[in-house]
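Okay, so here's the structure we're looking at.
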Amino acid sequence: MTNRVLKWILWIVLFAVLAAYPKLFGIYYTNLFVTFAVFAIFSVSFNVLLGYTGLLSFGHAMYFGAGGYGTALALKHIQGLPLLPAVLIGLVSAVVLALILCPLVVRVSGTAFAMLHLAFGQLMHMLAYKLRGITGGEDGIGGFPIPAFSIPGVVSVDMKAPENFYYFAVIILGISLWIMWYFTKTPFGQIQVGVRDNAMRIDYLGFKVPQTKAVVYVVAGAFAGVAGSIYALFQNLISSGALDIFTSFTPITMTMVGGIGSFFGPVFGAAIIQIIEELSTRFTEQVELVVGLILILVILFAPMGFVGLVWSLRQKWSARSVPAASLGKAS
Amino acid sequence: MDPKTAMYVAQGIHGLAYGMILFLVASGLNIIFGMMGILNLAHASFFMLSAYFCYQFISMTGNFWVALLLAPVATALFGILLERFLLRKIHALGHMGELIITVGVSLVILAGVKIFWGTESLPLKIPPVLTGLVSIAGLDYPVYRLFIIALSLVVLAIMALLLYKTRLGKIVRAAVSDADMVNALGVNMPLVFMFVFGVGTWLAGVAGVAIAPILLVFPGLADQIGMDAFVVVVTGGFGSLSGAFIVSIIFGLLSSYGVQFLSQLAPLLMFLFMAIVLAIKPTGFFGERE
Chain D
1 MTNRVLKWIL WIVLFAVLAA YPKLFGIYYT NLFVTFAVFA IFSVSFNVLL
51 GYTGLLSFGH AMYFGAGGYG TALALKHIQG LPLLPAVLIG LVSAVVLALI
101 LCPLVVRVSG TAFAMLHLAF GQLMHMLAYK LRGITGGEDG IGGFPIPAFS
151 IPGVVSVDMK APENFYYFAV IILGISLWIM WYFTKTPFGQ IQVGVRDNAM
201 RIDYLGFKVP QTKAVVYVVA GAFAGVAGSI YALFQNLISS GALDIFTSFT
251 PITMTMVGGI GSFFGPVFGA AIIQIIEELS TRFTEQVELV VGLILILVIL
301 FAPMGFVGLV WSLRQKWSAR SVPAASLGKA S
Chain H
332 MDPKTAMYVA QGIHGLAYGM ILFLVASGLN IIFGMMGILN LAHASFFMLS
382 AYFCYQFISM TGNFWVALLL APVATALFGI LLERFLLRKI HALGHMGELI
432 ITVGVSLVIL AGVKIFWGTE SLPLKIPPVL TGLVSIAGLD YPVYRLFIIA
482 LSLVVLAIMA LLLYKTRLGK IVRAAVSDAD MVNALGVNMP LVFMFVFGVG
532 TWLAGVAGVA IAPILLVFPG LADQIGMDAF VVVVTGGFGS LSGAFIVSII
582 FGLLSSYGVQ FLSQLAPLLM FLFMAIVLAI KPTGFFGERE
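Just so you know, the protein sequences line up as chains D and H, in that order. Numbering of the first sequence is given in my numbering, commencing with residue 1 and proceeding in unit increments. Numbering of the second sequence is given in my numbering, commencing with residue 332 and proceeding in unit increments.
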């Protein structure tokens with residue numbers, strides 16, 4: 001059997017499992033999967049910044065929150081707004097925020113970039129927390145209408161049913177992952193990696209480093225916005241908690257656990273963290289202890305995360321000397 | 332004395348006391364970063380841990396002064412264990428790993444505190460000498476705030492003597508500018524790193540004990556001050572103690588007068604200040620490196 005056929009079979013199996021998932025596992029796990037999808041998009045958008053361009057952000061929750069608030073405010077104040085424009089408004093509000101900040105942040109890199117994001121992230125969190133008139137503060141904006149997914153005259157799907165929302169989230173996850181994956185495979189994506197590895201050389205080759213960073217930054221912000229938007233729709237609530245430092249650390253943790261050197265690492269990371277949290281809440285109340293210990297163990301014994309672990313195992317099995325996979329230079 | 336001046340002075344004392352506490356925490360964070368390049372995100376957790384140790388020692392011995400001496404030392408021991416058995420092992424992997432592992436440690440400390448002491452707020456008794464008000468030149472000052480300021484100044488003096496008058500201080504200062512070179516000159520750097528990490532967590536521990544009687548001892552104790560200390564280090568510049576000192580005092584006063592005049596927006600002031608400083612000078616006030 002050729003590799004090609006095998007690949008097709010794998011795709012078909014994946015689609016079948018995804019399609020049958022709500023029927024197989026019931027409503028509880030369906031909702032769990034939607035949460036996973038949200039954080040998978042969020043983490044992958046974070047990894048486009050960190051893994052591919054070498055920019056560590058401590059404030060990626062800004063864009064998550066911007067997307068969530070954009071969608072929530074639009075649905076609350078515009079009567080009869082359809083679903084896709086609402087998500088688009090979330091995306092656009094994150095993009096606008098990224099465009100405002102990017103002239104400032106693309107000038108720096110490394111620790112200064114991380115710190116600047118910590119500052120702006122906390123500023124946004126405080127603004128959302130204090131401007132109760134607009135954002136609702138800690139209580140947030142809730143109970144806004146969830147429109148049906150409709151193409152006029154063709155189809156209308158009620159999004160309040162968890163099963164329908166699951167399919168919607170899976171499709172958004174698929175599209176987002178595909179676009180970001182495609183983005184990193186273009187020649188532009190190669191320049192991105194070049195900026196990470198040796199920015200000065202890329203500069204000498206005639207590419208514009210700050211502009212490259214700016215484009216990547218806006219794309220990463222946009223998809224974090226999409227994740228936030230879906231999250232707000234799913235919870236039917238967005239509050240200042242979505243902007244806090246823990247939300248910013250979530251994609252960092254997921255990326256580290258999944259594997260910083262690969263595109264799909266953060267997706268695995270999101271799944272693993274989700275499963276661990278789910279299992280640990282079932283057996284013990286000390287979720288923090290479990291997550292903390294896992295972080296420590298991952299760094300000590302599998303610093304390249306889950307994907308790195310799989311790679312090294314595969315290398316051991318095939319017992320050939322494959323050149324070591326290039327480690328994330330971001331560190 | 333008219334009440335307005337009294338208010339200004341009282342808020343000033345509160346601000347100074349908070350600024351000093353902030354400086355104790357921030358200087359520990361800063362000294363560790365300046366020398367080892369490690370951003371210790373578990374630093375505030377050590378601060379909280381020390382407050383719990385203080386509670387434990389007081390309930391065991393009934394003496395605040397014993398707790399003030401022993402709790403920071405016990406905290407420093409935990410810090411040394413963290414450096415020796417976790418951070419040293421992963422140093423070669425770069426800063427991302429160190430960052431994440433300190434996040435893991437802070438989660439474990441939080442969970443450990445909840446297991447041993449529960450989640451309720453624990454009150455602390457302080458000796459009667461430190462309670463009440465003292466009247467100087469017609470104005471009343473809360474004794475405990477003055478005690479905090481004095482304690483911080485003593486610790487600051489000890490640190491300054493250690494850094495600028497001893498051989499060890501010389502090694503530390505040299506290591507801040509180039510640790511590899513100092514190592515090559517035959518100094519046992521891993522030992523110095525361990526010691527410096529211990530001193531850094533000891534400073535956080537002193538601050539934790541000092542603040543415990545004002546705020547109650549509870550698991551969320553670390554949240555506020557951890558963020559504030561982080562902001563101080565970033566704004567003052569990484570590795571710069573004088574920067575940390577100035578910014579700590581500014582932030583202490585900013586927060587106490589801010590609460591007085593713009594109660595709602597007071598927490599915003601600090602982050603706004605940081606955002607402006609970083610936008611103009613990304614390395615912070617006195618920072619030279621990124």
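All C-beta atoms in this analysis are idealised placements derived from N, C-alpha and C, irrespective of residue type, glycine included.
Please classify F644(H) as buried or exposed, where buried requires at least 16 neighbouring CB atoms within 10 angstroms. Residue 644(H) cannot be examined here, being either before or after the span of chain H that is shown, 332 to 621.
Touch test, the segment 244 to 252 of chain D against the segment 184 to 191 of chain D, Cβ-Cβ under 8 Å, three pairs minimum: Contact between the segment 244 to 252 of chain D and the segment 184 to 191 of chain D is absent, because fewer than three Cβ pairs lie under 8 Å.
Determine the chain H residues that contact L123(D) at a beta-carbon separation under 9 Å, and present them in chain order. Taking the first residue of the first sequence as 1, we reach residue 123(D) at position 123. Simply L599, F602, L603, M605 and A606.
Report the three-state DSSP secondary structure of F339(D) (helix, strand or coil). Residue 339(D) lies beyond the range of chain D shown here (1 to 331); nothing can be said about it.
Using a Cβ-Cβ cut-off of 8 Å (strictly less than) and excluding sequence neighbours within five positions of T2(D), which residues of its own chain qualify? Position 2 of the first sequence, counted from the first residue, corresponds to residue 2(D). A distance below 8 Å between beta-carbons, with the five flanking residues on each side excluded, links T2(D) to no residue of its chain.
Would a C-beta distance cut-off of 7 Å place I146(D) and K160(D) closer than the cut-off? Here the question's residue 146(D) lines up with position 146 in the first sequence. Here the question's residue 160(D) lines up with position 160 in the first sequence. For I146(D) and K160(D), yes; Cβs fall inside 7 Å.
I'd like the span of the alpha helix (DSSP H) that includes V155(D), first residue to last. To locate residue 155(D), count along the first sequence from 1; it is residue 155. Element bounds for V155(D): not the alpha helix (DSSP H) but the beta strand (DSSP E), V155 to V157.
Any contact between the segment 432 to 440 of chain H and the segment 366 to 383 of chain H? By contact I mean 3 or more CB pairs, one from each, below 8 Å. Of all C-beta pairs linking the segment 432 to 440 of chain H to the segment 366 to 383 of chain H, three or more are shorter than 8 Å, placing the two stretches in contact.
Determine whether the beta carbon atoms of F616(H) and G551(H) lie at a separation below 7 Å. Mapped onto the second sequence, residue 616(H) falls at position 285. Mapped onto the second sequence, residue 551(H) falls at position 220. Judged by beta-carbon spacing, G551(H) lies beyond the 7 Å limit of F616(H), meaning their Cβ atoms are not closer than that value.
Exposed or buried, which one is A330(D) when buried takes at least 16 other CB atoms within 10 Å? Mapped onto the first sequence, residue 330(D) falls at position 330. Here A330(D) scores only 42 on pLDDT, less than 50, and its place in the model should not be relied on; the value that follows carries that caveat. Per the 10 Å Cβ criterion, buried.
Using a C-beta to C-beta distance shorter than 7 Å, which residues of chain H count as neighbours of E288(D)? Residue mapping note: residue 288(D) aligns to position 288 of the first sequence, counting from 1. L438, L441 and A442, listed in chain order.
Less than 7 Å separating the beta-carbons of I238(D) and A169(D)? The count along the first sequence starts at 1 and reaches residue 238(D) at position 238. The count along the first sequence starts at 1 and reaches residue 169(D) at position 169. Result no, Cβ atoms of I238(D) and A169(D) do not sit closer than 7 Å.
List, in chain order, every chain H residue whose beta-carbon is nearer than 8 Å to that of M200(D). The sequence position of residue 200(D) within the first sequence is 200, counting from 1. Neighbours of M200(D) across chain H, judged by C-beta separation under 8 Å, do not exist; the nearest C-beta is about 15 Å away.
To the nearest angstrom, how far is the alpha carbon of N164(D) from that of T255(D)? Here residue 164(D) refers to the residue found at position 164 when the first sequence is read from its first residue. Here residue 255(D) refers to the residue found at position 255 when the first sequence is read from its first residue. The alpha-carbon atoms of N164(D) and T255(D) are separated by roughly 28 Å.
For the putative contact between A510(H) and M520(H), defined by C-beta atoms under 8 Å, what is the C-beta separation to the nearest angstrom? Counted from its first residue, the second sequence places residue 510(H) at position 179. Counted from its first residue, the second sequence places residue 520(H) at position 189. The pair is a contact, with the Cβ atoms about 6 Å apart (cut-off 8 Å).
By the 8 Å beta-carbon criterion, what residues does the segment 244 to 261 of chain D contribute toward chain H? The residues in question are I245, F249, I252, T253, M256 and I260.
Closer than 9 Å, Cβ to Cβ, to anything on chain H: give me those residues from the segment 265 to 280 of chain D, in chain order. Among the residues of the segment 265 to 280 of chain D, none has a Cβ less than 9 Å away from any Cβ of chain H.
Using only the alpha-carbon positions, how far apart do M62(D) and P473(H) sit? Taking the first residue of the first sequence as position 1, residue 62(D) is located at position 62. Taking the first residue of the second sequence as position 1, residue 473(H) is located at position 142. Taking C-alpha positions only, M62(D) is separated from P473(H) by approximately 41 Å.
CA-CA distance, V507(H) and A575(H)? Mapped onto the second sequence, residue 507(H) falls at position 176. Mapped onto the second sequence, residue 575(H) falls at position 244. When rounded, the separation of the alpha-carbon atoms in V507(H) and A575(H) is 16 Å.
Can you tell me where the beta strand (DSSP E) with F149(D) in it begins and where it stops? Residue mapping note: residue 149(D) aligns to position 149 of the first sequence, counting from 1. Where F149(D) is concerned, the enclosing beta strand (DSSP E) stretches over F149 to I151.
Against chain H, with Cβ distances strictly below 7 Å, would A112(D) count as a contact? Taking the first residue of the first sequence as 1, we reach residue 112(D) at position 112. Yes - at least one Cβ of chain H is within 7 Å of the one on A112(D).
DSSP on C368(H), reduced to helix/strand/coil? Counting from 1 along the second sequence, the entry for residue 368(H) is found at position 37. Residue 368(H) is actually Gly in this sequence, not Cys. Looking at G368(H) - three-state DSSP - the assignment turns out to be coil, as it is neither helix nor strand.
In the DSSP output, which residue or residues are listed as bridge partners for P85(D)? By one-based count along the first sequence, residue 85(D) stands at place 85. DSSP links P85(D) through a beta bridge to no other residue.
Answer with yes or no whether the minimum CB distance from I134(D) to chain H is below 7 Å. As a working note, residue 134(D) is residue 134 in the first sequence. No, because no Cβ of chain H sits closer than 7 Å to the Cβ of I134(D).
Any chain D beta carbon closer than 7 Å to G570(H): Looking up residue 570(H) in the second sequence gives position 239. Output row for G570(H): interface = no.
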